[in-house]
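Peer 1: The structure that follows is given in the form of structure tokens.
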Amino acid sequence: MSATPTNSPALAVHVRGVSKTFGTGETAVTALNGVDFTARQGELLMIVGPSGCGKTTLLSVIAGTLNFDCGELDVFGSPLHRLKPREITEFRKRHVGFIFQAFNLIPTLTCIENICVPLLIGGVSRRVAERKALALLDEVGLGARGHERPTNLSGGQQQRIAIARALVHEPRLIICDEPTSALDKDTGAHIMDLLRTAARNPNRCVIVVTHDSRVFKYADRLTEMEDGRVQRVHDQGGNYDLSE
Ligand SMILES: Nc1ncnc2c1ncn2[C@@H]1O[C@H](COP(=O)(O)OP(=O)(O)O)[C@@H](O)[C@H]1O
Ligand SMILES: [Mg+2]
339 MSATPTNSPA
349 LAVHVRGVSK
359 TFGTGETAVT
369 ALNGVDFTAR
379 QGELLMIVGP
389 SGCGKTTLLS
399 VIAGTLNFDC
409 GELDVFGSPL
419 HRLKPREITE
429 FRKRHVGFIF
439 QAFNLIPTLT
449 CIENICVPLL
459 IGGVSRRVAE
469 RKALALLDEV
479 GLGARGHERP
489 TNLSGGQQQR
499 IAIARALVHE
509 PRLIICDEPT
519 SALDKDTGAH
529 IMDLLRTAAR
539 NPNRCVIVVT
549 HDSRVFKYAD
559 RLTEMEDGRV
569 QRVHDQGGNY
579 DLSE
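Counting the sequence shown from 1 gives a position; the numbering used here is that position plus 338.
Rendered as structure tokens:
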């Protein structure tokens with residue numbers, strides 16, 4: 339990856355004036371409207387806001403899975419707005435782990451095989467990949483379930499497998515879109531504990547989009563979005579009152 343150092347080494351993600359419109363003419367929808375956004379290394383940052391305000395679009399831009407119309411974006415010092423598509427794909431494979439509301443595990447693979455996927459895509463041998471997958475499986479407390487298919491597991495267990503898959507190639511950026519929305523309170527808390535632990539790595543950044551106010555307290559900082567922009571950033575370290 340070609341890396342140009344940013345001026346602020348503590349920033350993991352630095353978005354400046356990014357806009358994204360879907361479609362053209364009368365059906366055009368502006369999902370991001372000149373958004374400025376930062377996430378720091380070593381933090382768990384939450385993004386909240388009403389449905390349709392651009393949270394998923396912003397995550398997709400940051401993760402390098404969606405082209406944007408204008409603006410600039412540095413992720414761990416790489417200027418994504420200047421990289422070629424092939425370089426962005428390489429960046430994503432090496433440095434980004436994804437966790438989604440619907441887990442997005444591959445149903446025909448066992449849990450271990452699912453966890454191995456990012457490593458195999460990255461060219462790691464199957465033997466080494468399986469060893470790392472087993473270690474991660476233990477870390478998320480599912481060491482005994484590796485040879486089962488994900489559909490045999492509960493929602494919370496499937497999300498733990500998805501976390502193991504997101505972490506197995508040791509990415510610096512973990513992108514989570516509504517990771518606890520399909521889970522009950524206690525299971526959601528367990529998932530957030532795992533994500534908090536992942537965020538303790540000072541070289542890493544965990545970004546969590548959520549509308550689940552039960553988990554706000556896990557955030558180091560909380561960013562409120564509205565109409566394709568950041569409206570407010572709260573940094574009370576866990577004690578957030580968004581009632582205003
Ligand atoms: N692929 C797409 N094609 C057309 N419109 C889209 C697409 N993705 C998102 N949008 C629109 O962009 C806006 C922001 O969407 P999204 O980022 O998914 O919001 P959020 O995640 O905050 O609910 C919404 O109006 C949505 O309908
Ligand atoms: Mg969304």
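Every residue, glycine too, gets a C-beta built ideally from N, C-alpha and C.
Pull the bridge partners of LYS555 from the DSSP assignment, please.
Peer 2: LYS555 pairs with nothing; no bridge assigned.
Peer 1: Quick one: give me the first and last residue of the beta strand (DSSP E) that ARG430 is part of.
Peer 2: Careful: ARG430 lies outside any beta strand (DSSP E), inside the alpha helix (DSSP H) at 423-433.
Peer 1: Identify, in the order they occur along the chain, each residue of the same chain with its Cβ nearer than 6 Å to the Cβ of PHE406, setting aside the five sequence neighbours on each side.
Peer 2: Excluding positions up to five away in sequence, the list reads VAL356, LYS358, VAL399.
Peer 1: Would you mind listing the alpha helix (DSSP H) stretches within the segment 471-527 that are 4+ residues and don't spill past its ends, in chain order?
Peer 2: If we require 4 residues or more, the alpha helix (DSSP H) runs fully inside the segment 471-527 come out as 493-505.
Peer 1: Express the C-alpha separation of ALA377 and SER551 in angstroms, rounding to a whole number.
Peer 2: SER551 and ALA377: Cα-Cα distance of roughly 20 Å.
Peer 1: Say the cut is 6 Å; is the CB of THR394 nearer than that to a heavy atom of ligand 2?
Peer 2: Because some heavy atom of ligand 2 lies under 6 Å away, the Cβ of THR394 counts as near it: yes.
Peer 1: Measuring CB atoms only, is the segment 420-438 touching the segment 478-486, in the sense that at least three cross pairs come out at less than 8 Å?
Peer 2: As far as the Cβ criterion goes, the segment 420-438 does not touch the segment 478-486, which means the pair count is below three.
Peer 1: In the DSSP output, which residue or residues are listed as bridge partners for HIS419?
Peer 2: DSSP, once it has assigned bridges, lists no residue as partnering HIS419.
Peer 1: Using the DSSP secondary-structure output, state which residues sit across from THR452 in a beta bridge.
Peer 2: It should be noted that the sequence gives Asn, not Thr, for residue 452. Answer is none; ASN452 lacks a bridge partner.
Peer 1: Evaluate GLY363 with the Cβ neighbour count: other Cβ atoms within 10 Å of its Cβ, from every protein chain shown; 16 or more gives buried, anything less gives exposed.
Peer 2: So GLY363 ends up on the exposed side.
Peer 1: Exposed or buried, SER340, counting other C-beta atoms within 10 Å across all chains shown (16 or more means buried)?
Peer 2: The predicted model places SER340 with a pLDDT of 46, which falls under 50 and marks its position as unreliable; any figure quoted below should be read in that light. It counts as exposed.
Peer 1: Measuring only the C-alpha atoms, how far is TYR578 from ARG465?
Peer 2: The straight-line gap from Cα to Cα measures roughly 45 Å.
Peer 1: Please state whether DSSP places GLU381 in a helix, a strand or coil.
Peer 2: Three-state DSSP puts GLU381 in coil, outside helix and strand.
Peer 1: Rounded to whole angstroms, what is the Cα-Cα separation between LEU411 and ILE545?
Peer 2: Cα-Cα distance, rounded: 15 Å.
Peer 1: Let me make sure I understand the geometry here. Which of ARG430, PRO488, VAL506, LEU475 has the alpha-carbon closest to that of SER457?
Peer 2: In the sequence on display, residue 457 carries Leu and not Ser. Checking every option, the nearest Cα to that of LEU457 belongs to VAL506.
Peer 1: How big is the Cα-Cα spacing for ILE512 and PRO540?
Peer 2: Cα to Cα, ILE512 sits roughly 13 Å from PRO540.
Peer 1: State the DSSP-derived secondary structure class of ALA350, mapped to helix, strand or coil.
Peer 2: Looking at ALA350 - three-state DSSP - the assignment turns out to be strand.
Peer 1: If we ignore side chains and look at the alpha-carbon of each, how far apart do SER492 and CYS449 end up?
Peer 2: SER492 and CYS449: Cα-Cα distance of roughly 13 Å.
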